[in-house]
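Below is one structure, written out as structure tokens; the observations come after it.
There are 2 protein chains.
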Amino acid sequence: MAEGNTGGESLLFLTDEQLRKGIEAMFFAYRGFTADPDRILEGMDYGRAHHRAIHFIHRSPGTTVSNLLGILGVTKQSLNRVLRTLIDDGLVEARVGKDDKRERNLHLTAKGQELERQLSDAQRARMRAAYRAAGPAAVQGFRTVLEAMMDPEMRRQYQSLREGEK
Amino acid sequence: MAEGNTGGESLLFLTDEQLRKGIEAMFFAYRGFTADPDRILEGMDYGRAHHRAIHFIHRSPGTTVSNLLGILGVTKQSLNRVLRTLIDDGLVEARVGKDDKRERNLHLTAKGQELERQLSDAQRARMRAAYRAAGPAAVQGFRTVLEAMMDPEMRRQYQSLREGEK
DNA sequence: AATTTACGTCAGCCTTGTTGACTTTCCAAG
DNA sequence: CTTGGAAAGTCAACAAGGCTGACGTAAATT
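Quick mapping for you: the protein sequence lines, in order, are chains A and B.
With the UniProt record's numbering applied, the first sequence covers 1 to 166.
With the UniProt record's numbering applied, the second sequence covers 1 to 166.
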């Protein structure tokens with residue numbers, strides 16, 4: 001009932017019950033979201049933290065450690081442990097900064113790009129299936145709500161990574 | 001350009017670039033999603049795992065341990081550690097099953113409900129703000145995509161918790 | 001009577017987060 | 001030129017919260 005009333009003045013979508021459903025949807029969907037990469041990584045010596053580092057280095061090649069710390073929201077000690085193994089295993093290269101030699105510019109090696117591709121292929125496949133099933137209008141709404149849900153600082157990070165958007 | 005073309009036959013929303021944006025939106029939004037309860041719980045002896053247990057016990061009063069295991073997707077040892085502290089601290093009550101005395105029916109005590117309210121108020125507040133900012137149509141799309149992203153088993157769990165939906 | 005189920009628990013391990021302290025390197029301002 | 005502070009790396013210790021394996025008990029089922 002009142003299903004057609006989505007014109008804007010209806011506030012039925014703001015009931016506690018609707019909000020709780022949204023909360024649970026986030027919980028269950030996030031599980032699916034991470035499931036495929038987790039499966040790939042289990043058995044390797046890597047975990048979700050490695051995936052995140054690889055993702056954002058791929059996304060912004062040459063990014064610095066500080067920059068990555070800001071994006072991932074962890075301590076440098078925590079990130080360093082992850083980065084250390086990736087560098088030692090030859091998946092990530094840390095080049096001394098040209099202008100500021102204190103900085104390290106991070107890049108994926110060929111081997112690192114191979115794993116990145118494997119992980120993001122899996123994650124994109126699920127995303128693609130969900131998008132296709134839901135349709136373009138739903139996808140638009142999906143992105144709008146997620147963006148509104150972010151902390152302002154995270155929203156900045158998210159948006160600043162969007163050069164080249166159509 | 002081509003912005004208006006969201007009519008259904010356009011597949012622009014399925015490009016790798018669009019998918020990657022969706023992936024990052026999930027990552028950043030989930031951080032926001034958990035930020036407020038995390039803040040409340042830090043300092044107490046509890047964490048996100050306790051929050052999840054409290055949420056679903058509140059959601060399905062009288063639920064059994066096995067049932068909760070299925071929803072949360074963790075091992076009984078992991079859940080037990082969390083449940084143990086909640087019971088010892090008087091937030092959760094475990095009543096011996098009436099029909100089947102092997103089962104434990106879990107309920108929140110008054111004290112448990114107090115914490116649950118505090119946590120879910122905070123989480124709902126963010127959700128409400130996001131929903132309000134995005135509008136009813138976006139919320140509809142948000143839920144549709146999230147549901148499509150779940151593993152089939154999780155989708156069952158999600159939907160089976162929806163009695164009483166309008 | 002034997003087996004299965006539901007739950008609890010002990011012990012040990014791993015990942016990934018934390019704090020605190022310290023060093024090295026380097027840029028930039030005094 | 002010296003010095004203060006930022007950037008990065010590292011060591012140590014710890015905690016939360018996952019995991020496996022093994023074992024025990026009570027109750028239900030066969």
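Think of the CB as a built atom: it goes at the ideal place given N, C-alpha and C, for glycine as much as any other residue.
It should be emphasised that the depicted structure is a prediction, and the values quoted were computed from it without experimental measurement.
Whose C-alpha, out of B:MET154, B:THR144, B:LEU69 and B:GLN123, is nearest the C-alpha of ASP151 of chain A? Counted from its first residue, the first sequence places residue 151 of chain A at position 151. Nearest option by C-alpha distance: B:GLN123.
Would LEU108 of chain A and ARG128 of chain B qualify as a contact pair, given that the criterion is a beta-carbon distance under 7 Å? Start at 1 with the first residue of the first sequence, and residue 108 of chain A comes out as number 108. Start at 1 with the first residue of the second sequence, and residue 128 of chain B comes out as number 128. Their beta carbons are not under 7 Å apart, which means LEU108 of chain A does not touch ARG128 of chain B by this criterion.
If we require 4 or more residues per run, which alpha helix (DSSP H) segments fall completely within the segment 101 to 163 of chain A? 110 to 134, 136 to 149 and 152 to 160
Between PRO152 of chain B and chain A, is there a C-beta pair that is closer than 7 Å? Taking the second sequence and counting its residues from 1, the one referred to as residue 152 of chain B is at position 152. Output row for PRO152 of chain B: interface = no.
State yes or no: is the C-beta of ALA134 of chain B within less than 7 Å of the C-beta of ALA148 of chain A? Within the second sequence, the letter at position 134 stands for residue 134 of chain B. Within the first sequence, the letter at position 148 stands for residue 148 of chain A. Cβ distance < 7 Å, so ALA134 of chain B and ALA148 of chain A count as in contact.
Does the count of Cβ pairs from the segment 91 to 111 of chain A and the segment 10 to 17 of chain B closer than 8 Å reach three? no
Sequence-distant residues of its chain with Cβ nearer than 8 Å to PHE56 of chain B (five each side left out): The residue given as residue 56 of chain B occupies position 56 in the second sequence. Hits under 8 Å: THR63, LEU68, ILE71 and LEU72.
CA-CA distance, ARG31 of chain A and LEU146 of chain A? Your numbering for residue 31 of chain A matches position 31 in the first sequence. Your numbering for residue 146 of chain A matches position 146 in the first sequence. Those two C-alpha atoms are separated by around 16 Å.
Exposed or buried, what is LYS21 of chain A when buried is set at 16 or more other beta-carbons lying within 10 Å of its beta-carbon? For the purposes of this step, residue 21 of chain A is taken as residue 21 along the first sequence, with counting starting at 1. It counts as buried.
So the beta strand (DSSP E) VAL92 of chain B belongs to, where does it begin and stop? Mapped onto the second sequence, residue 92 of chain B falls at position 92. Here the beta strand (DSSP E) through VAL92 of chain B covers 92 to 96.
Report yes or no: is there a C-beta of chain B within less than 7 Å of the C-beta of ILE54 of chain A? As a position in the first sequence, residue 54 of chain A is number 54, starting the count at 1. By this cut-off, ILE54 of chain A is not an interface position.
Under three-state DSSP, which class holds THR63 of chain A? Locating residue 63 of chain A in the first sequence gives position 63, where the first residue counts as 1. Looking at THR63 of chain A - three-state DSSP - the assignment turns out to be strand.
Strictly under 7 Å for the Cβ-Cβ distance: is ALA125 of chain A near chain B by that measure? As a first step, residue 125 of chain A must be located in the first sequence, where it is residue number 125. It does not: the Cβ of ALA125 of chain A has no partner Cβ on chain B nearer than 7 Å.
Please state whether DSSP places ASP45 of chain B in a helix, a strand or coil. Within the second sequence, numbered from 1, the residue matching residue 45 of chain B stands at position 45. ASP45 of chain B falls in the strand class under three-state DSSP.
Determine, using beta carbons only, whether ARG128 of chain A comes closer than 7 Å to chain B. As a working note, residue 128 of chain A is residue 128 in the first sequence. By this cut-off, ARG128 of chain A is an interface position.
Using a Cβ-Cβ distance cut-off of 7 Å, determine whether ARG95 of chain B contacts chain A. Locating residue 95 of chain B in the second sequence gives position 95, where the first residue counts as 1. Chain A, which has no Cβ nearer than 7 Å to the Cβ of ARG95 of chain B, makes this no.
Checking 7 Å against the spacing of the C-beta atoms, do ARG143 of chain A and ALA25 of chain B come in under that value? Stepping through the first sequence from its first residue, residue 143 of chain A is reached at position 143. Stepping through the second sequence from its first residue, residue 25 of chain B is reached at position 25. Yes; because the gap between Cβ atoms is below 7 Å, this pair is in contact.
When burial is assigned at 16 or more other CB atoms within 10 Å of the CB, is SER66 of chain A buried or exposed? Counting from 1 along the first sequence, the entry for residue 66 of chain A is found at position 66. When all chains shown are included, SER66 of chain A counts as exposed.
Chain-ordered chain A contacts of ARG31 of chain B [CB-CB under 8 Å]: Here the question's residue 31 of chain B lines up with position 31 in the second sequence. Near ARG31 of chain B (Cβ distances below 8 Å), the residues of chain A are GLY73, MET150, ASP151 and MET154.
Length of the line joining the Cα atoms of GLN140 of chain B and ALA137 of chain A: Here residue 140 of chain B refers to the residue found at position 140 of the second sequence. Here residue 137 of chain A refers to the residue found at position 137 of the first sequence. If I take the Cα positions, the gap works out to 10 Å.
ALA122 of chain A: contacting residues in chain B (beta-carbon distance under 9 Å): Start at 1 with the first residue of the first sequence, and residue 122 of chain A comes out as number 122. By Cβ distance, chain B contributes nothing, its closest Cβ being about 11 Å from ALA122 of chain A, past 9 Å.
Does the distance from the CB of PRO37 of chain B to the CB of LEU119 of chain B come in under 7 Å? In the second sequence, counting from the first residue as 1, residue 37 of chain B sits at position 37. In the second sequence, counting from the first residue as 1, residue 119 of chain B sits at position 119. Yes.
Rounded to a whole number of angstroms, what is the C-alpha to C-alpha distance between ALA110 of chain B and ILE87 of chain A? Within the second sequence, residue 110 of chain B is the residue found at index 110, counting from 1. Within the first sequence, residue 87 of chain A is the residue found at index 87, counting from 1. Cα-Cα distance, rounded: 51 Å.
Would VAL82 of chain A count as contacting chain B if we go by Cβ distances under 7 Å? Along the first sequence, read from residue 1 onward, the residue named residue 82 of chain A stands at position 82. Cβ-Cβ to chain B under 7 Å: no for VAL82 of chain A.
Hey, quick one: how far does the alpha helix (DSSP H) through residue 174 of chain A stretch, first residue to last? The question about residue 174 of chain A has no answer here: the residues shown for chain A are numbered 1 through 166.
Under 8 Å Cβ to Cβ from ARG104 of chain B, same chain only, skipping five residues before and after it: list those, please. The count along the second sequence starts at 1 and reaches residue 104 of chain B at position 104. Only THR64, VAL65, ALA94, ARG95, VAL96 and GLY97 meet the Cβ criterion.
THR15 of chain B in three-state terms, based on DSSP: Your numbering for residue 15 of chain B matches position 15 in the second sequence. Correct three-state label for THR15 of chain B: coil.
Alpha carbon of GLY43 of chain A to alpha carbon of PHE27 of chain B, nearest angstrom: For the purposes of this step, residue 43 of chain A is identified with residue 43 of the first sequence, where counting begins at 1. For the purposes of this step, residue 27 of chain B is identified with residue 27 of the second sequence, where counting begins at 1. Between GLY43 of chain A and PHE27 of chain B, the C-alpha separation is close to 23 Å.
Using DSSP with H/G/I as helix, E/B as strand and the rest coil, what is ASP99 of chain B? Stepping through the second sequence from its first residue, residue 99 of chain B is reached at position 99. It is coil, neither helix nor strand.
C-alpha gap between ALA49 of chain A and ALA35 of chain A, whole angstroms: Taking the first residue of the first sequence as 1, we reach residue 49 of chain A at position 49. Taking the first residue of the first sequence as 1, we reach residue 35 of chain A at position 35. Rounded to whole angstroms, ALA49 of chain A to ALA35 of chain A spans 14 Å at the Cα level.
DSSP three-state label for GLY32 of chain B, please. By 1-based counting over the second sequence, the position of residue 32 of chain B is 32. Correct three-state label for GLY32 of chain B: helix.
Could you tell me the alpha carbon to alpha carbon distance between ASN5 of chain B and ARG117 of chain A, rounded to whole angstroms? Position 5 of the second sequence holds residue 5 of chain B. Position 117 of the first sequence holds residue 117 of chain A. Because ASN5 of chain B sits at a pLDDT of 47, beneath the cut-off of 50, its placement in the model cannot be relied upon, and the following sentence gives the value as read from the coordinates. Approximately 30 Å between the Cα atoms of the pair.
Distance check for ARG132 of chain A and ASP45 of chain B, CA to CA, integer angstroms please. What you label residue 45 of chain B is simply residue 45 of the second sequence in a count that begins at 1. What you label residue 132 of chain A is simply residue 132 of the first sequence in a count that begins at 1. Roughly 43 Å between the two C-alpha positions.
Out of A:LEU41, A:ALA53 and A:ASP100, state which residue places its alpha-carbon closest to the alpha-carbon of VAL82 of chain A. What you label residue 82 of chain A is simply residue 82 of the first sequence in a count that begins at 1. Here the closest residue by C-alpha is A:ALA53.
If you measure between the beta carbons of LEU79 of chain A and GLY112 of chain A, is that distance less than 7 Å? Taking the first sequence and counting its residues from 1, one reaches residue 79 of chain A at position 79. Taking the first sequence and counting its residues from 1, one reaches residue 112 of chain A at position 112. Result no, Cβ atoms of LEU79 of chain A and GLY112 of chain A do not sit closer than 7 Å.
Exposed or buried, GLN159 of chain B, counting other C-beta atoms within 10 Å across all chains shown (16 or more means buried)? Taking the second sequence and counting its residues from 1, one reaches residue 159 of chain B at position 159. Classification of GLN159 of chain B: exposed, given that the 10 Å Cβ count is below 16.
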